[in-house]
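*Asks:* Numbering (UniProt numbering), first residue to last: 1 to 223. Just so it is clear, CB atoms sit at the ideal spot from N, CA and C, and this is done for glycine as well. If you scroll down you'll find the structure; I have some questions about it.
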Amino acid sequence: MTSQTYEVLVAAVCKLLNSTHPVRDAFHKHGNGSYRGICPSNKGIDGCIPYESGLAHNAIRLYNLAPEVMLIIPEPFALDYELDGEAHSYTPDFLLHLRDGRRAVVEIKYQEEADTPENQRRFQVIAPLIESAGGLFAVLTEKTLRNKVLLHNLGLVEGQRHRHIPLTAKTAMLQILREGPASLEALSSAAGDVRLVYAAIGQEWLTVSLYKPLRPSTLIRRI
1 MTSQTYEVLV
11 AAVCKLLNST
21 HPVRDAFHKH
31 GNGSYRGICP
41 SNKGIDGCIP
51 YESGLAHNAI
61 RLYNLAPEVM
71 LIIPEPFALD
81 YELDGEAHSY
91 TPDFLLHLRD
101 GRRAVVEIKY
111 QEEADTPENQ
121 RRFQVIAPLI
131 ESAGGLFAVL
141 TEKTLRNKVL
151 LHNLGLVEGQ
161 RHRHIPLTAK
171 TAMLQILREG
181 PASLEALSSA
191 AGDVRLVYAA
201 IGQEWLTVSL
211 YKPLRPSTLI
221 RRI
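Below, the structure written as C-alpha cells:
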C-alpha cells in the first residue's frame, strides 16, 4: 500500500468515526429465528441499543454507567481494508462518542476467538488505521466484561439508577464533595441511605471504579 493510498484510507476512517447511526441492523437472527435483545439506554439514538450477544449486552450495561461515554452506536460503519493483497470489510460492535470529543471503536470477542491468528492479524491492520485517524481501538473479552466484581457493582447501581434523590440528600452529598473525593460511608451518612449514593452513580453525577469492591472506605468523586 502506497503512502498516498494509506492517507486516503485514513481520511475515510476519519469520516467513519463521526458516524451517528448503525450501518446495519444488529438484530441478526439466530438459529431459533429469534432476536437476541435490546438494552434500554439514554445513550442510544432511539432510547435503546440492540445487541447480538451476552457479552455485547454486558458492554452496553458498562457504557450506560460510564460518564465519559456520551453516545453508543452499535455496528456503526463498514471499514474496507486490505490484508495480504485481498480486500476485506470490518464492522465493529460499537462506536463510542466520548465526552472529550474523541471516538472509541470497540470489538467484543470471547478471548479464545480474539486470540486466533486470523483475528490478531486483522486487529494489527485495523487498530493503526483507527489510531492514525485520531480514534481509539479496543478489544473487550469476557475477562473484562464478566469480571465478578464489575457485574456485582453493575447490579447494585442499575437497581437504584432510577431512584429519586431528594434535593436535601443531593445538597448534603455535594457539600461533602466540595473538598474532593469522599468515602462511600461519608456520602451514605450525608444522604441518609447508601442507595441514594448508588443512584447518584447511576445518574452519572458521581463516579467510582466499578472494577473494585464498593466498600465503606471506597472513594467516590463528583463528575
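Report the rounded CA-to-CA distance for L96 versus L206, giving the unit in angstroms.
*Replies:* Your numbering for residue 96 matches position 96 in the sequence shown. Your numbering for residue 206 matches position 206 in the sequence shown. Answer to the nearest angstrom: the Cα atoms are 20 Å apart.
*Asks:* By Cβ distance, which residues of its chain are closer than 7 Å to I176, with the 5 residues on each side in sequence left out?
*Replies:* Here residue 176 is taken as the residue at index 176 of the sequence shown, counted from 1. Answer for I176: A182, A186, L187, A190, listed in chain order.
*Asks:* Using beta-carbon positions only, say whether Y51 and H57 come within less than 8 Å of one another.
*Replies:* For this step, residue 51 is matched to residue 51 along the sequence shown. For this step, residue 57 is matched to residue 57 along the sequence shown. Yes.
*Asks:* Just checking my contact of V149 with I201 at CB under 8 Å: how many whole Å lie between their CB atoms?
*Replies:* Here residue 149 refers to the residue found at position 149 when the sequence shown is read from its first residue. Here residue 201 refers to the residue found at position 201 when the sequence shown is read from its first residue. Not confirmed; about 15 Å, so no contact.
*Asks:* Taking C-beta to C-beta, are E107 and P128 nearer than 8 Å?
*Replies:* As a first step, residue 107 is located in the sequence shown; it is residue number 107 there, counting from the start. As a first step, residue 128 is located in the sequence shown; it is residue number 128 there, counting from the start. Result no, Cβ atoms of E107 and P128 do not sit closer than 8 Å.
*Asks:* Sorted by chain position, which residues of the same chain lie with C-beta nearer than 7 Å to I130's C-beta, five sequence neighbours on each side aside?
*Replies:* Along the sequence shown, read from residue 1 onward, the residue named residue 130 stands at position 130. V13, V105, F137.
*Asks:* Closest to V194 by C-alpha separation, out of E179, R178, T218, would be which residue?
*Replies:* Counting from 1 along the sequence shown, the entry for residue 194 is found at position 194. Answer by Cα proximity: T218.
*Asks:* Quick check: what's the CA-CA separation for H30 versus S53?
*Replies:* Looking up residue 30 in the sequence shown gives position 30. Looking up residue 53 in the sequence shown gives position 53. For H30, the predicted structure reports a pLDDT of 48, less than 50, and the residue's modelled location is therefore unreliable. The matter cannot be settled from this model.
*Asks:* What did DSSP end up calling L150 once you bin it into helix, strand or coil?
*Replies:* The count along the sequence shown starts at 1 and reaches residue 150 at position 150. DSSP places L150 in helix when its eight states are reduced to three.
*Asks:* Less than 8 Å separating the beta-carbons of V125 and L98?
*Replies:* Against the sequence shown, residue 125 aligns to sequence position 125. Against the sequence shown, residue 98 aligns to sequence position 98. Contact: no.
*Asks:* Closer than 7 Å by C-beta to R161: which residues in its own chain qualify, once you throw out the five before and the five after it? Chain order, please.
*Replies:* Mapped onto the sequence shown, residue 161 falls at position 161. Cβ within range, chain order: A199, G202, Q203.
*Asks:* Select from E179, V208, R121 the residue whose C-alpha is nearest the C-alpha of N153.
*Replies:* Numbered from its first residue, the sequence shown carries residue 153 at position 153. It is V208 whose Cα lies nearest to the Cα of N153.
*Asks:* Who does R222 pair with in a DSSP beta bridge?
*Replies:* Here residue 222 refers to the residue found at position 222 when the sequence shown is read from its first residue. In DSSP, R222 forms a bridge with L206.
*Asks:* Would A59 and L151 be called neighbours here (beta carbons separated by less than 8 Å)?
*Replies:* Stepping through the sequence shown from its first residue, residue 59 is reached at position 59. Stepping through the sequence shown from its first residue, residue 151 is reached at position 151. Taking 8 Å as the Cβ cut-off, A59 and L151 do not qualify as a contacting pair.
*Asks:* DSSP state of G31, grouped into three classes?
*Replies:* Indexing the sequence shown from 1 puts residue 31 at position 31. Residue placement at G31 is poorly supported in this model, since its pLDDT is 48, which falls under 50; the coordinates still yield a value, given next. Here G31 sits in coil by DSSP.
*Asks:* Counting only runs that start and end within the UniProt domain "TnsA endonuclease N-terminal" (67–142), where is the alpha helix (DSSP H) found for 4 or more residues in a row?
*Replies:* Within the UniProt domain "TnsA endonuclease N-terminal" (67–142), the complete alpha helix (DSSP H) runs of at least 4 residues are 111–114, 117–132.
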